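Everything on this sheet refers to the single structure shown next.
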Amino acid sequence: MKTDAFAAPARRATRSTDGRLLGGVAAGLAQHLGVDVMVVRAGFLLSSILGGLGVAVYAGLWMTLPTDARFDDSSPGLEAASRQGKRPGRPAKLEDVGLLVALAAVVLGVVVLVQILLGNWFLFWPILLGCIGLAVLWRQADEAQRERWSDTSGRIDPVRAVIGRGGVASYARLTVGVGLLLGALTLFAAQTGQAGVARDVLVAGALGVVGLALTVGPWLFRLAGDLSEERAARVRSQERADVAAHLHDSVLQTLALIQKHSENGHTVAKLARAQERDLRAWLYADTPRPETSIADALREAAAEVEDGHGVPVEVVIVGDAPSSERSRPLVLAAREAMVNAARHSGADKIDVYAEMGDALIEVFVRDRGKGFDESRIPGDRLGVRNSIIDRVQRHGGTAVIRTAHGQGTDVQLSMDTKKEDG
Amino acid sequence: MSGLKRRTVVIVDDHAMFRTGVRAELAHDAEVLGEAADVDEAVAAVLELRPEVVLLDVHLPGGGGVEVMRRVADRVPDTKFLALSVSDAAEDVIGTIRGGARGYVTKTITGPELVRAIDRVADGDAVFSPRLAGFVLDAFAGSLEVAPVDEDLDRLTEREREVMRLIARGYAYKEVASKLFISIKTVETHMSSVLRKLQLSSRHELTRWATDRRLL
Numbered sequence: 000m001k002t003d004a005f006a007a008p009a010r011r012a013t014r015s016t017d018g019r020l021l022g023g024v025a026a027g028l029a030q031h032l033g034v035d036v037m038v039v040r041a042g043f044l045l046s047s048i049l050g051g052l053g054v055a056v057y058a059g060l061w062m063t064l065p066t067d068a069r070f071d072d073s074s075p076g077l078e079a080a081s082r083q084g085k086r087p088g089r090p091a092k093l094e095d096v097g098l099l100v101a102l103a104a105v106v107l108g109v110v111v112l113v114q115i116l117l118g119n120w121f122l123f124w125p126i127l128l129g130c131i132g133l134a135v136l137w138r139q140a141d142e143a144q145r146e147r148w149s150d151t152s153g154r155i156d157p158v159r160a161v162i163g164r165g166g167v168a169s170y171a172r173l174t175v176g177v178g179l180l181l182g183a184l185t186l187f188a189a190q191t192g193q194a195g196v197a198r199d200v201l202v203a204g205a206l207g208v209v210g211l212a213l214t215v216g217p218w219l220f221r222l223a224g225d226l227s228e229e230r231a232a233r234v235r236s237q238e239r240a241d242v243a244a245h246l247h248d249s250v251l252q253t254l255a256l257i258q259k260h261s262e263n264g265h266t267v268a269k270l271a272r273a274q275e276r277d278l279r280a281w282l283y284a285d286t287p288r289p290e291t292s293i294a295d296a297l298r299e300a301a302a303e304v305e306d307g308h309g310v311p312v313e314v315v316i317v318g319d320a321p322s323s324e325r326s327r328p329l330v331l332a333a334r335e336a337m338v339n340a341a342r343h344s345g346a347d348k349i350d351v352y353a354e355m356g357d358a359l360i361e362v363f364v365r366d367r368g369k370g371f372d373e374s375r376i377p378g379d380r381l382g383v384r385n386s387i388i389d390r391v392q393r394h395g396g397t398a399v400i401r402t403a404h405g406q407g408t409d410v411q412l413s414m415d416t417k418k419e420d421g
Numbered sequence: 000m001s002g003l004k005r006r007t008v009v010i011v012d013d014h015a016m017f018r019t020g021v022r023a024e025l026a027h028d029a030e031v032l033g034e035a036a037d038v039d040e041a042v043a044a045v046l047e048l049r050p051e052v053v054l055l056d057v058h059l060p061g062g063g064g065v066e067v068m069r070r071v072a073d074r075v076p077d078t079k080f081l082a083l084s085v086s087d088a089a090e091d092v093i094g095t096i097r098g099g100a101r102g103y104v105t106k107t108i109t110g111p112e113l114v115r116a117i118d119r120v121a122d123g124d125a126v127f128s129p130r131l132a133g134f135v136l137d138a139f140a141g142s143l144e145v146a147p148v149d150e151d152l153d154r155l156t157e158r159e160r161e162v163m164r165l166i167a168r169g170y171a172y173k174e175v176a177s178k179l180f181i182s183i184k185t186v187e188t189h190m191s192s193v194l195r196k197l198q199l200s201s202r203h204e205l206t207r208w209a210t211d212r213r214l215l
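Residue numbers (numbering that gives the first Met the number 0), protein chains in the order written: chain C, 0 to 421; chain L, 0 to 215.
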């Protein structure tokens with residue numbers, strides 16, 4: 000809830016969406032003037048009873064004052080999270096229904112008051128319908144305005160500007176409002192017994208609308224253009240805020256974890272490494288698409304191994320090729336080789352190099368660890384033979400493992416992509 | 000690194016924290032003459048201090064590291080530039096090398112590795128990180144069988160390609176030499192030759208490569 004102490008430097012009166020009974024005029028005005036809301040409400044009520052000035056002022060302010068929803072600023076992180084749908088939206092409150100009831104009661108009261116003052120029972124229903132119609136339309140405009148400020152699609156859609164996000168409720172409100180207004184007019188005409196007058200009123204009304212559209216139309220059009228531009232700028236700044244929020248959020252997480260593990264250098268390095276990769280991907284990489292690109296699939300496999308085993312995996316890739324049935328076992332075998340290196344070699348870094356030409360894919364996985372004697376692979380490392388050599392050979396590729404004690408391990412995988420699968 | 004003589008270095012980076020870190024890492028192995036945080040400061044510092052090696056951040060306020068090299072490289076022929084960056088974006092890497100840097104390493108490089116890289120650059124050799132070697136192979140990919148006039152610059156020899164591939168696979172110079180049965184000096188010669196081609200080649204694919212590959 001805003002207070003005056005935190006109000007924007009340029010103070011503007013707004014309609015309050017938080018403390019409203021009807022249109023939020025009284026609450027907004029009270030906040031602006033710094034007086035109690037009940038005083039304002041009493042003032043409106045009194046001036047309404049005494050000559051009806053209050054009603055006119057209230058209606059005028061309702062039309063002209065903007066809602067405060069558009070000035071509702073939050074922290075960039077929260078706003079970004081909201082836009083990305085990571086936070087719950089404003090839930091529909093029971094108060095919203097209560098507002099409608101209050102609205103109906105007030106309208107009824109006003110109409111009855113007019114009845115008593117004018118003594119003209121005749122106009123009761125037309126005026127009642129007209130007032131309800133107008134109130135519903137204006138409330139709809141409120142909804143639409145709120146929607147507009149949270150819309151990020153970046154262009155002005157005239158339909159959307161009127162009905163907001165659409166939805167059955169919006170259309171229903173619009174239809175009901177217009178219907179009630181037309182009903183009021185028709186009823187008025189019927190009750191005065193002059194169908195001709197009703198037609199004339201409708202025609203005059205239509206002409207008035209056309210005239211207004213012609214005079215104000217161009218200006219409105221320009222205004223919409225300005226609004227579009229302004230919105231495009233806002234969308235850009237929102238996108239920047241989203242990026243900043245993502246970066247700051249993930250860095251924040253990493254820093255928190257690093258503080259927790261500050262005595263464990265290995266964990267800190269692992270965290271820093273994962274964070275670095277994340278930021279790098281955000282700042283400088285195209286969107287990864289592991290399903291379609293061998294390069295991205297390899298990078299993802301390397302990232303998994305890095306995260307899972309805490310050993311940095313340096314990936315260098317030359318060229319790229321679309322992922323296929325033939326490339327998948329190669330990627331899996333390469334992943335297995337990385338896992339082996341991370342788990343058993345004791346090396347502090349694994350180098351992965353892949354070169355993809357038109358006909359040949361080659362992947363090299365190398366570590367400078369302790370290596371092993373291939374003829375005496377211990378039982379638990381049968382995985383090397385099964386999941387690397389056999390897997391690649393089964394699919395028509397070749398796998399060579401060069402290793403010796405103290406010499407590190409170099410796994411070379413290659414596959415001819417031109418050869419058809421048997 | 001006791002056997003090596005201390006090189007004079009200027010650190011150019013807009014992150015004060017990073018400059019401090021590098022300065023601490025180099026404390027025993029190199030003499031840091033000064034620091035600079037943007038292009039103008041860097042130009043002034045390099046002209047005044049005449050270091051052997053400038054550690055140059057690629058992303059720098061005022062036009063980037065390339066702008067620094069453009070403004071001072073001619074006036075300080077004895078100063079070598081080693082690009083140091085977190086970016087890793089191909090455009091940055093190739094652009095910086097073509098701008099005159101003798102090498103490109105990422106900021107995650109370890110202290111001893113950085114000292115070795117500085118030493119190598121100061122001696123006039125090239126420094127290729129595995130990633131840079133990968134970019135080079137990518138840039139010179141596709142064999143040009145028909146020999147154009149300046150074929151020397153437009154493609155790598157088979158030997159250079161082999162060296163690059165081993166560097167990209169994470170082999171150290173010494174390991175490359177023993178694997179190919181050549182001397183370290185020969186490896187260095189190949190590297191310098193590749194660097195020259197990278198900087199001077201007018202090959203259409205190379206100049207357009209960085210942007211093209213993003214369109215694929």
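C-beta atoms are modelled at their ideal positions from N, C-alpha and C, and glycine is treated no differently.
Here the structure is a predicted model, which is why all the values come from computation and not from measurement.
In the DSSP assignment, L/Ile166 falls within the unbroken alpha helix (DSSP H) covering 157-167.
Runs of the beta strand (DSSP E) spanning 3 or more residues and lying entirely within the region 13-82 of chain L occur at 29-35, 52-56, in chain order. Around the CB of L/Phe127, 16 or more other CB atoms lie within 10 Å, so the residue is classed as buried.
For C/Leu28, the enclosing alpha helix (DSSP H) stretches over residues 24-32. A residue is called buried when at least 16 other Cβ atoms come within 10 angstroms of its Cβ; L/Glu34 meets this threshold and is buried. Here the alpha carbon of L/Met16 sits roughly 47 Å from the alpha carbon of C/His31. Note: C/Gln411 is bridge-paired with C/Phe363, C/Val399 in the DSSP secondary-structure output. Inclusion of C/Val310 and C/Ala341 in the CB contact set at 8 Å is warranted, their separation being smaller than that value.
Here L/Lys106 is buried: its Cβ has 16 or more other Cβ atoms, across all protein chains shown, within 10 Å. With respect to C/Ser413, C/Leu331 sits apart: the two C-beta atoms are not nearer than 8 Å.
Within its own chain, the residues whose Cβ lies closer than 6 Å to the Cβ of C/Glu361, once the five positions on either side in sequence are excluded, are Glu354, Ser413, listed in chain order.
The alpha-carbon of C/Ile388 is positioned some 29 Å away from that of L/Arg158. With 16 or more other Cβ atoms inside 10 Å of its own Cβ, C/Thr402 counts as buried. The beta carbon of C/Gly368 does not come within 8 Å of any beta carbon belonging to chain L, so the residue lies off that interface.
At a Cβ-Cβ threshold of 8 Å, L/Ala167 and L/Gly133 count as neighbours. In the three-state scheme derived from DSSP, where H, G and I count as helix and E and B as strand, C/Ala346 is classed as coil.
Linking L/Leu55 to C/Asp409 through their CA atoms gives a straight-line distance of about 34 Å. Between the alpha carbons of C/Ala223 and C/Glu313 lies a gap of roughly 52 Å.
Boundaries of the alpha helix (DSSP H) around L/Arg195: 183-199. Within the same chain, Asp366, Arg367, Gly368, Gly370 come within 6 Å of C/Gly407 by CB-CB distance, once the 5 residues on both sides are set aside. Counting along the chain, the unbroken alpha helix (DSSP H) around C/Glu305 starts and ends at 293-308. For the 8 Å CB-CB criterion, L/Ala36 and L/Asp73 do not form a contact. Bridge pairing for C/Pro321: C/Ser292 [DSSP]. C/Ala320 and C/Ala296 have their C-alpha atoms spaced approximately 11 Å apart. L/Ile10: not part of any alpha helix (DSSP H); member of the beta strand (DSSP E) spanning 6-11, first to last residue. Non-local beta-carbon contacts of L/Leu136 in its own chain, meaning distances under 6 Å to residues more than five positions away in sequence, involve Met163 in chain order. For the 8 Å CB-CB criterion, L/Arg49 and L/Val75 form a contact.
Here L/Asp118 is buried. Its C-beta has 16 or more other C-beta atoms within 10 Å. In the structure shown, the three-state DSSP call for L/Ser84 is strand.
Collapsing the DSSP output to three states places C/Glu313 in a strand. DSSP places L/Tyr103 inside the beta strand (DSSP E), whose first and last residues are 102-105. Within the same chain, and ignoring the five residues on either side of L/Arg70 in sequence, the residues whose Cβ sits closer than 8 Å to its Cβ are Val38, Val42. Among the bridge pairs identified by DSSP, C/Val351 is matched with C/Val314, C/Val364. In this structure, DSSP gives C/Phe371 a state outside helix and strand, which the three-state scheme calls coil. Each residue's CA atom was taken as its position, placing C/Gly204 and C/Val54 some 24 Å apart. With a cutoff of 8 Å on beta-carbon distance, L/Val11 and L/Leu59 are scored as near each other.
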